[in-house]
Every structure is written in structure tokens, then in C-alpha cells.
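So the structure is just underneath, and the comments pick up after that.
Protein chains: 2
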Amino acid sequence: MDTAATVKVLNFKDLGALGSAKKKESKSRIIIGEGVVTKDGLLEGLVLELFQRQLTSCVVITDSNVARLYSQEIVQHFSQIHKTSLIKLPPGEESKSIDSSVKILAQLAKLGFDKEGLLVLLGGGVIGDLGGFVASIYKRGVKYIQLPTTLLAQIDSSIGGKTGVDATWGKNQIGTIYQPIGVIIDPSFLKTLPEREFLNGIGEMVKYGVTSNARIFEELEGNSNFESLSELTHMIEPCVKIKAKIVSRDPNDSGLRSILNYGHTIGHSIEASSNYKASHGVSVLFGMLGEGWIAHELGLFQKDDFQRQELLIKRLLRKRNNNTQFRAILSLRHEMLAKFALSDKKNAAGKLRMSLPDRIGRMHINEDGTFKIPVSLDLFKSSFRYMKSIFSET
Amino acid sequence: MDTAATVKVLNFKDLGALGSAKKKESKSRIIIGEGVVTKDGLLEGLVLELFQRQLTSCVVITDSNVARLYSQEIVQHFSQIHKTSLIKLPPGEESKSIDSSVKILAQLAKLGFDKEGLLVLLGGGVIGDLGGFVASIYKRGVKYIQLPTTLLAQIDSSIGGKTGVDATWGKNQIGTIYQPIGVIIDPSFLKTLPEREFLNGIGEMVKYGVTSNARIFEELEGNSNFESLSELTHMIEPCVKIKAKIVSRDPNDSGLRSILNYGHTIGHSIEASSNYKASHGVSVLFGMLGEGWIAHELGLFQKDDFQRQELLIKRLLRKRNNNTQFRAILSLRHEMLAKFALSDKKNAAGKLRMSLPDRIGRMHINEDGTFKIPVSLDLFKSSFRYMKSIFSET
């Protein structure tokens, strides 16, 4: 296949259970390249190569915002090789529900979509999580690929097969681990990405820096303004590599992978208790502030590194105009946050557990060999006071 | 552990994806023994051995019929080692829905059930399928064991990790493949099993005979009256072994495993279009009649074996008093059956595909190396006329 010289193809074996037991298919392929989705003809070639055999049909699942910009073009690409249909959802976290899943399942059944078909998930984290969940439960699992259109999805949520929808009792509480057969990342989608969405991705970049790679953190310290897209796109590949490496070592999220949840125990609680008025990015940045503070209080996170993290996150938050979100977070009550935090998937026996850093680039390993450190409810509540104090300075 | 001499422990590796990626846990253990669940103390020992570590809590999921007879005793067994709760559902296929799943998920969340807990599925196929589905999607997967209480569940549905609920467009259309960590089979449950439930299991025994093991078929030919339970229980273990062997060779249902779907394309269509008035057993017996006839018409199923199958199934159906069900099946229209058959998971590109026998004990391999043989809609419709003719003789 003749693809542009800039296209990188990364093969990761053992990314866990796929829909098929055949060894040759039990890998996920991650393809990164400018224009790889949007450029004429390239996508069909990639998809054909991913499969190396005939599909019965394709269904593209997307939201109406992405659809307006890209769906016509992409449905047309796929139509040249397969019968292709489009399912459009309202944009936003509200679509990530059991009800939406059931509606999509019914639409797929009505389209006669079968186990030899391919679902194409075109969108950000919501479409990827929801569509992946649908792929995992429709007729006991069908094949799907991710075409992530946001920075967050490109560097994080599209990789690793975590699927899910939100429940009334918390975010991502219903879901599966079910790998896509491929992830095709085209940074040119980011040209149309709204400001708020950028911060979602940058939050995860900070996470990769603190949990796994001090050089990514240093790069962010040296350049936390991100005036132009080009300052960001070269960081996609190193982030993708960290994610894929960790997932391939722990596909089912039973150990190492929990380090990628740093900042997310508090982050998800903020999102859920603000009724998703606070974005994922701002919530996770606040979450890392809080969990970093907890790690420091527990004597784990070294003081200089804790302060470096605080400084970087303050700069990132200050740079953006997030007053509405800040007000939403400020008005939260810690009782509410605690309620959601107590349903976090890392907990056991009603006790909070978090993944916490020792240093920038290194996570703390607990006595029991896991990365899940017990945190008292009091310390959790105090971290919220600390977060509020940071906010009032910002 | 000191268990009765009659307890058999079968270990099957590679039964596919489990909740945990740890190698040592990636096997399903199947334990068979009279009294192994109901006898004091035995169950706790088995469960502790299955885990070899502490659990945070147990939740027993069952239906109100089974609960009336057994739940108090079993909840008490588990309570001696773990905090244990009970979730009770109305009996019957109506509980196998997305709505029931969501209710159970919410109850689990309310109980604070976490990823270190164990779901105990106590019941027949409905509880096993529904509970397994819930286990696979609660917090992206929790551990579960099956305690099957019906013959059907003990020899078939509890083994192999097929989970699911029914959709308006067909049976088992929403589900996952997600292995239990253990299946504990106690034939003493069958002492309280209603007559109708027995035939469900015997239908699957005929299936094992035709698809995989001529000796099982011969045993059924020699003894299709089953006046007492003891005539049946010795056949549980050979059936379990066939199922586990096939599943371990094809955990994700991408090839060989489809032979176990013999009789089920038509069988599921009868069940669904009769609105579940026709039982699974009677439907699958009719389904094997019809699919056997199709196999014979296609020149696959040899005449003498086809006739032996017809004779055995007629005897099994005649032996039981099934007039209400027969009337329900007789009143079905083939258009309705075809509608449901067209949503069967084995189909591709809108074409019916079935697994069909060559001989008693041997399934036909298609030109493409699969066990899925294309069947025209006309032949499907004709098979219904043949089934009706059998019924009018019965």
C-alpha cells in the first residue's frame, strides 16, 4: 500500500481480548499520519489492509458536530468498498448512556448489521467509549475501528479498549474492555477542534508526564502556552506509545494500567458531581492537583516535583478562560465528591484507593505490589480545600 | 480440601478472556458432584480454593423460584466467609432484558459492590445469561461463578461464557463472551426441577449426540423415557466435557463452536416468535427436526441417520405432555420465523447460515472451512411445513 511518508504504523500485540480468537487477528494496529483519514483514498487502503478480507458492511457512528464537518466525506470513502450507513448522535456526555446504547443497537439490527461488519467510530471520547461499548455487546461482539477526532481521544481514550457509558451513580460505571482492531489517528482533525477540547488532551499529556515520562513533562513546562497546533502534534506519537505499551502489559486493567488513572479519581468525581459542566480536562487537571497534594501529604510525592506539577497546572489553567467551569467546581460540596469517589473502580471494601506519584515520571508501588494506595476520606476532603485554595489564587 | 469422593474437578485452560489478565487465573474450573453446593461446608471450601485469596463481598443473584428452595441456605454458606447479599428476580425469560440488567447494576452499585467482589449466579439459563452479562459490564467486568440449577444450565449454558439478554428483534441479541472463574454443578438440584425444564436439557443432550458424540445419541435412543433422575445424571459429565472441549478450542465463537448451535437457528426463531410460550427444549427439538431435514434435503445428512434423529425426537416429544406448546408452535407463521432467523448471529450479508450434520456425531464442514452452511429462505420455509407435518403425526 502506498501511503504518505509521514504515516507511522505501530503494531501492538497482546492488547487483550479481541472479538476473534484467531491469533493473527489478536493485535491492534495504531496508525498515525497527517491526512491519513481525510485524504482521498488513503483510508480505504488502510481499512482493507487491516482486514485483508471482505466485510459485509460498514456503519459509521459519529456525533452531529463531527458529522457536519467530516461524515459525508468519510461515508463516501467507505461506500467505495462496502455498503455503508451513518448513525448520528447528539454531541456531548449526555449521549454516553445505556439508553443511547440501546437505541444504537436497535438501529444496527434494523440495518441488518451482522458479525462480518465493521463499526467505524468517528469522534472524540464520548463516541469512542459509547461506540466501543455497543461493539462489545452487539451480537456478543463485532469488529470496530477508532477514528479519533479530538486530542484526548487521539492520545488516550481511543487506545486500549476501555469502553463504557455513564450511570446515575458515576462516570464509566457500565462498560467492558474490548479492543478495536485498529486506531487511525489523523492530527489534521485537530484543526477544527474547539479550545475547550484542547485542554482535555493537554490534561492527559500532563498525566503521561507525571506517571510515565519526565521528558514529556519537561516539554510541557517549556511550552505550556501552545499558541499553535504544530507545537502539539509532535507530542501525539510519544503519548500514544506510552499508552499502548502500558495497555499491552496490562490489557485487562488489573495492575500497571491503573497508573493511567492518576488524577481521575478526583477528576471523575468533579465531572459527575458538576453534572458534566466541568470538562474532563479541567477536572483531571484539578484532580492531579488534589491527588498530587494527597501524595505529597502521604510523604510519597517529593516536594520539588509536587511544586513543579502545581506550577505547570496553574499555568495551564490560567492560560485558558475557564471561569464558568471554575465557578461550577468551586460550588461543589465535598460530600458529593466523596459519594462519587466511593464508586471508583479502583476501590475495595468501601475504601478509597488512588494511583499516586513518587516523582515526576515515576508512580508509587504499594506494599502489596499494586499501584493502588489507600487514601482516607479525611485526606480526600482536605485535598478539596487545597484545590479550592489554588483556584482562588488562579 | 476434603471433598466427597464423588466430586470431579475439571480444569480447562484457555477458556478465553477472563476478568483478569493474570495467567494463573486464566482458566475456568468446572466442579461436578452430588451435594457439592447443597451440602454443608463444601461450597465455601470450593469457593475459597477457586480464589485462594480474600474477597470483599459476595452477591447471590437468583430468581424467586430458586430462592424459595435454596437461597437462604446458600446465602448463609457464603455469609460465613464474606459479607453476602441477595438479588432476587422474577422467574422466566421476561427477566432476560436490558431493563433487568440495568436494575441489577444499580442494585450492585447501591450495595457498594466492587471489583474485588464475587457474583454468584444461582439458577438456570436465564439467571446465568443475564447475570453473566451483568458481570461483564459492571465496572468493566467483575468475577463470577455459576451454580446452575437446571439440567440445561448444568450441561450447556453455564459453560463457555456466553452471556446475554433478549432484544425486541431476537433472542440473545445483546451480550458478551465473558468467562466465569468457576462452574459448580450439583445434580441434586435436579430433584426439584419441573418436568418442562427437563426437556430443555434433554434437547441439548440430543444436540451433543448429533453434533459431537454418537455414543451419547445411542444412549438416548436406548433410554428416551427417563422415568427417574438417576437415568440422567450420569450423562451430565460427558456432556460437560464435550462443551468445555469445544469452547476451549474456540472460546470466542469464531469457528468450531458454531456446531453447538445446531437446531438453534430455527429453535430460537420458534421461541422468539411464540413470545417464549414454546420452551427452549421443545423449540430446539423442533429446530433439530427442521435443520436435520434441511441437511438431508441438501444431501448432507445421511438418510438412515436423519431417520434415527427424527424417530428419537418424536419419541421424546410424545413422551411429554406438551399440547399447549405444540399449539403455540403450530400457530406460528413462517414469515415471522424468517424475520427472527434473519437476525441470527451466524448469518452474513443478509443470508441464512446454519450448522448442519453429515452423520450422527459428525458435523458438515463447508467449502470455506467453516461450519456455517448457506441455507435459502425457501428451504427454511419448507422445513417449517415438514416440522408441522411431524407435529400433526405426534
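Chains A and B, in that order, are what the protein sequence lines are. Start counting the first sequence at 0; every next residue gets the next number (numbering that gives the first Met the number 0). Start counting the second sequence at 0; every next residue gets the next number (numbering that gives the first Met the number 0). Backbone N, C-alpha and C define an ideal beta-carbon position, used for all residues, glycine too. All of these numbers come straight from a predicted model, not from anything done at the bench.
Count the other CB atoms within 10 Å of the CB of residue i; is the residue buried (16 or more) or exposed (fewer)?
i        : result
ASP98/A  : exposed
GLU194/A : exposed
LEU41/B  : buried
LYS478/A : Outside the modelled stretch of chain A, which goes from 0 to 393, sits residue 478/A, for which no answer is possible.
ASP128/B : buried
THR148/A : buried
ASP377/A : exposed
GLN172/A : buried
PRO186/B : buried
ILE60/B  : buried
ARG384/B : exposed
GLN306/B : exposed
HIS295/B : buried
SER100/B : buried
ASP155/A : buried
GLN79/B  : exposed
ARG139/A : buried
LEU310/B : exposed
Should residue i be flagged as near chain A, meaning a C-beta pair shorter than 7 Å?
i        : result
ASN346/B : yes
GLY174/B : yes
GLY131/B : no
GLU115/B : yes
THR55/B  : yes
ALA337/B : no
ARG195/B : no
ALA271/B : no
ARG352/B : no
VAL101/B : yes
ALA108/B : yes
GLY111/B : yes
ILE372/B : no
ILE258/B : no
For residue i, list the residues DSSP reports as bridge partners.
i        : result
ALA347/B : LYS350/B
ASP62/B  : LEU88/B
GLY358/B : According to the sequence as given, residue 358/B is Arg; it is not Gly. In DSSP, ARG358/B forms a bridge with ARG361/B.
ALA166/A : GLY169/A
TYR137/A : ILE173/B
GLN145/A : LEU120/A, VAL182/A
THR83/A  : CYS57/A
ILE31/B  : LYS7/B, ILE184/B
PRO373/B : ARG352/B
VAL161/B : In the sequence as presented, Val is not what sits at residue 161/B; that position holds Lys. Answer is ILE176/B.
So with Cβ pairs under 7 Å, would you call residue i a contact of chain B?
i        : result
TRP407/A : Chain A is shown only over 0 to 393; residue 407/A falls outside these bounds and no answer can be derived.
LEU394/A : No answer is possible for residue 394/A: it lies beyond the span of chain A, which begins at 0 and ends at 393.
GLY280/A : no
ARG139/A : yes
ALA340/A : no
GLY349/A : yes
ILE136/A : yes
Pull up the CB-CB distance for residue i and residue j, whole angstroms please, since I reckon it's below 8 Å.
i        : j        : result
THR83/A  : ALA347/B : In fact, because the Cβ distance is near 16 Å, the residues do not count as touching under 8 Å.
ALA271/B : GLY174/B : Actually they are not in contact, since the Cβ atoms of ALA271/B and GLY174/B sit about 15 Å apart, beyond 8 Å.
MET353/B : THR264/B : 5 Å
ILE245/A : ILE183/A : With 8 Å as the limit, ILE245/A and ILE183/A do not qualify as a contact, their Cβ atoms being about 20 Å apart.
LEU151/A : GLY123/A : 6 Å
VAL133/B : LEU104/B : 6 Å
Between residue i and the rest of its own chain, which residues show a CB-CB distance below 7 Å, the 5 nearest in sequence each way excluded?
i        : result
VAL8/A   : ARG28, ILE30
ALA277/B : ILE269, GLU270, GLN324, ALA327, ILE328
ASN222/A : GLU230
Under 6 Å: does the beta carbon of residue i sit that close to some heavy atom of the ligand COA?
i        : result
ILE180/B : With respect to the ligand COA, the structure shown offers nothing to examine, as it has no ligands at all.
Which same chain residues end up closer than 6 Å to residue i when comparing Cβ atoms and leaving out the 5 residues on each side of it in sequence?
i        : result
HIS76/A  : LEU42, GLU43
ASP304/A : ARG358, ILE359
PHE339/B : GLY169, SER268, ALA271, SER272
GLY34/B  : SER187
ILE258/A : THR210, SER354, MET362, PHE370
GLN106/A : ILE86
Can you list, in chain order, the residues of its chain whose CB lies under 8 Å from that of residue i, leaving out five sequence neighbours each side?
i        : result
SER63/B  : LYS87, LEU88, PRO89, PRO90
LYS161/B : ASP128, GLY131, ASN171, GLY174, ILE176, ASP252
LYS242/A : ILE154, ASP155, ILE158, GLY159, TYR207, LEU259
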